[in-house]
Amino acid sequence: MSSPLPVAFVGLQFGQRVLEQLRRSPAAARWRLAAVCDLDATKAVAAGKRWGVPAHASLDAVLANPAIRVVALFSGPAGRAGLIEQVIRAGKDVMTTKPFETDPVAARAVFTEAERLGRTIFLNSPEPETPGYLEQVRRWQEEFALGRPIACRAETFVSYREQPDGRWLDDPELCPAAPIFRIGIYLINDLVRVFGRVNAVQVLANRIFTGRPTADNAQLSLRFANGALGTIAASFCIDNGQHYANSLWLHYERGSITRNAQPVAYGQAEQASRLQLAAAANQVVQLRTWESPETAGTYPWDALADVVSGVRQLSPPVDLTVHGIEILAAMARAERSGRTEAV
Numbered sequence: 064m065s066s067p068l069p070v071a072f073v074g075l076q077f078g079q080r081v082l083e084q085l086r087r088s089p090a091a092a093r094w095r096l097a098a099v100c101d102l103d104a105t106k107a108v109a110a111g112k113r114w115g116v117p118a119h120a121s122l123d124a125v126l127a128n129p130a131i132r133v134v135a136l137f138s139g140p141a142g143r144a145g146l147i148e149q150v151i152r153a154g155k156d157v158m159t160t161k162p163f164e165t166d167p168v169a170a171r172a173v174f175t176e177a178e179r180l181g182r183t184i185f186l187n188s189p190e191p192e193t194p195g196y197l198e199q200v201r202r203w204q205e206e207f208a209l210g211r212p213i214a215c216r217a218e219t220f221v222s223y224r225e226q227p228d229g230r231w232l233d234d235p236e237l238c239p240a241a242p243i244f245r246i247g248i249y250l251i252n253d254l255v256r257v258f259g260r261v262n263a264v265q266v267l268a269n270r271i272f273t274g275r276p277t278a279d280n281a282q283l284s285l286r287f288a289n290g291a292l293g294t295i296a297a298s299f300c301i302d303n304g305q306h307y308a309n310s311l312w313l314h315y316e317r318g319s320i321t322r323n324a325q326p327v328a329y330g331q332a333e334q335a336s337r338l339q340l341a342a343a344a345n346q347v348v349q350l351r352t353w354e355s356p357e358t359a360g361t362y363p364w365d366a367l368a369d370v371v372s373g374v375r376q377l378s379p380p381v382d383l384t385v386h387g388i389e390i391l392a393a394m395a396r397a398e399r400s401g402r403t404e405a406v
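Our numbering applies: residue 64 is where the sequence shown begins, and numbers increase by one.
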């Protein structure tokens with residue numbers, strides 16, 4: 064095996080959680096933490112001591128180190144494309160998080176620049192490779208001739224009781240319909256992968272328990288270009304033991320497919336993907352099940368290591384990523400206007 068790739072983590076409020084996940088993952092042996100960075104110098108120094116690596120309070124200091132191959136960037140989404148542009152122009156590849164940006168034009172521009180420079184940008188949603196559970200959905204669509212997509216529903220719930228902390232999460236302009244923006248984006252990307260482009264949205268959002276000025280309960284309605292209709296419910300108010308299940312109900316002309324639709328043991332819902340199919344033909348219902356330990360929204364560390372090491376070529380799903388941001392932007396307009404907004 065080749066030597067571990069040096070990576071710097073930038074933006075430590077959330078970035079250290081991702082770093083902890085990486086350290087526990089099978090991909091850990093392929094990466095070596097080379098530096099940490101945060102605009103809060105005190106936080107950066109503390110993290111540097113914790114992890115035993117150099118600490119920086121500016122992105123420029125990270126980019127000046129030629130030994131760092133990859134920057135894991137966990138700033139807020141607004142304006143992130145500009146930071147990524149600095150990273151790729153310094154000759155480094157990028158791992159980042161959802162939502163990728165708030166501006167779809169800036170997002171597409173930085174992906175275009177990355178392609179021109181031969182640099183790679185990956186994130187955890189949408190992943191560079193279609194998740195296995197969505198590939199299985201497509202196989203069932205074909206095998207059972209399910210026909211046109213008609214309707215869909217998606218849900219993701221967790222129980223938070225957050226207080227304001229002055230970050231972008233407190234700003235309704237930067238974090239519209241917050242549960243959809245923060246965790247519902249996984250479901251947006253999944254639904255677009257299987258149902259296609261969205262041409263209009265409506266949204267309802269409110270505050271129930273949160274101390275933040277942003278919502279903690281939201282529902283997004285989608286009208287797909289192919290005529291299908293859908294809804295996404297996301298909430299920080301519900302403890303039913305099924306945290307981050309990212310449940311899907313996909314309905315077609317001649318059948319339905321669900322993902323993680325049945326309750327499991329407390330806290331286990333996000334640990335696997337469980338599909339069920341009910342397909343009708345000649346007044347007979349065919350039932351199938353499929354299960355995988357694969358989870359949604361996993362950071363593609365192995366894939367990025369492959370690309371950076373030259374093991375294989377793999378491109379990010381640019382159109383899908385940008386369309387997800389377009390949907391979020393339309394959702395933000397709909398929250399302000401109270402009307403249906405075109406995407």
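Positions of the beta carbon are idealized from the N, C-alpha and C atoms, including for glycine.
>> On the CB-based measure, 16 or more other CB atoms within 10 Å of its CB, does residue 250 come out buried or exposed?
In response: buried
> Taking Cβ positions, are residue 74 and residue 138 nearer each other than 7 Å?
Replying inline: Against a cut-off of 7 Å, the Cβ pair of residue 138 and residue 74 comes out as a contact.
> Can you pull the DSSP bridge partners for residue 269?
Replying inline: 280
>> Rounded to whole angstroms, what is the Cα-Cα separation between residue 175 and residue 153?
In response: 16 Å
>> My parser needs the alpha helix (DSSP H) runs of 4 or more residues fully inside the stretch 105 to 171; what are they?
In response: 122 to 126, 143 to 152
>> If I follow the unbroken alpha helix (DSSP H) through residue 219, where does it start and stop?
In response: Per DSSP, residue 219 belongs to no alpha helix (DSSP H); it is in the beta strand (DSSP E), 212 to 220.
>> For residue 291, which residues in the same chain have their Cβ closer than 7 Å to its Cβ, ignoring the five residues on either side in sequence?
In response: 212, 213, 214, 215, 258
> If residue 397 and residue 264 are in contact, beta carbons under 8 Å, what's the gap, nearest whole angstrom?
Replying inline: 6 Å
> Tell me which same chain residues have a C-beta within less than 8 Å of the C-beta of residue 407, skipping the five on either side of it?
Replying inline: Because the chain spans 64 through 406 in this model, residue 407 falls outside it and cannot be assessed.
>> So the candidates are 65, 180, 278; which of them puts its Cα closest to the Cα of residue 227?
In response: 278
> With respect to the alpha helix (DSSP H) encompassing residue 354, which residues constitute its N-terminal and C-terminal limits?
Replying inline: Segment 347 to 355 is the beta strand (DSSP E) holding residue 354; no alpha helix (DSSP H) there.
>> Here's the rule I'm using: 16 or more other beta-carbon atoms within 10 Å means buried, otherwise exposed. How should residue 350 be labelled?
In response: exposed
> Are residue 142 and residue 315 touching if we call contact CB-CB under 7 Å?
Replying inline: Contact flag unset, no.
> Does DSSP classify residue 358 as helix, strand or coil?
Replying inline: In the three-state DSSP reduction, residue 358 falls in the coil class, being neither helix nor strand.
> With a CB to CB cut of under 7 Å and the five nearest residues on each side skipped, what residues in its chain are close to residue 167?
Replying inline: A distance below 7 Å between beta-carbons, with the five flanking residues on each side excluded, links residue 167 to the following residues of its chain, in chain order: 385, 388, 389, 392.
> Unbroken alpha helix (DSSP H) runs of length 4 or more, entirely within the stretch 184 to 209: which are they?
Replying inline: As far as the stretch 184 to 209 is concerned, its whole alpha helix (DSSP H) runs of at least 4 residues are 195 to 206.
> In terms of DSSP beta bridges, what is residue 404 paired with?
Replying inline: Beta-bridge pairing links residue 404 to 264.
> Near residue 301, which residues of its chain fall below 8 Å by C-beta distance, leaving aside the five closest residues on each side in sequence?
Replying inline: 220, 221, 222
>> Looking at the strands, I want to know which residues DSSP matches up with residue 85.
In response: According to DSSP, which records beta bridges pairwise, residue 85 is partnered with nothing at all.
> Nearest to residue 340 by alpha carbon, out of 208, 361, 108, 298?
Replying inline: Cα-wise, what sits closest to residue 340 is 208.
> Does the stretch 146 to 165 come close enough to the stretch 358 to 373 to have 3 or more Cβ pairs within less than 8 Å?
Replying inline: Touching, yes.
> Which same chain residues, not among the five before or five after residue 102, have their C-beta less than 8 Å away from its C-beta?
Replying inline: 120, 121
>> Using CA atoms only, rank isn't needed, just tell me which of 307, 347, 328 is closest to residue 317.
In response: 347
>> Considering only their Cβ atoms, is the gap separating residue 134 from residue 108 smaller than 7 Å?
In response: no
> Which same chain residues, not among the five before or five after residue 383, have their C-beta less than 8 Å away from its C-beta?
Replying inline: If you ignore the 5 residues before and after residue 383, its C-beta comes within less than 8 Å of the C-beta of 189, 252, 255, 256, all in its own chain and listed in chain order.
> Is residue 65 buried or exposed, if buried means 16 or more other CB atoms sit within 10 Å of its CB?
Replying inline: exposed
> Cβ atoms of residue 164 and residue 140: under 7 Å apart, would you say?
Replying inline: yes
>> Tell me the rounded alpha-carbon separation between residue 353 and residue 200.
In response: 10 Å
>> Give me the residue from 322, 80, 205 with the minimum Cα distance to residue 305.
In response: 322
> The beta strand (DSSP E) with residue 320 in it runs from where to where?
Replying inline: 318 to 322
> Name the DSSP beta bridge partners of residue 342, please?
Replying inline: 318, 349
> How long is the line joining the alpha carbons of residue 375 and residue 198, rounded to whole angstroms?
Replying inline: 21 Å
> Which partner residues does residue 295 have in the DSSP bridge list?
Replying inline: 217, 283
> To the nearest whole angstrom, what separates the beta carbons of residue 308 and residue 332, a pair I think is in contact under 8 Å?
Replying inline: Yes, they are in contact, since the Cβ atoms of residue 308 and residue 332 sit about 4 Å apart, within 8 Å.
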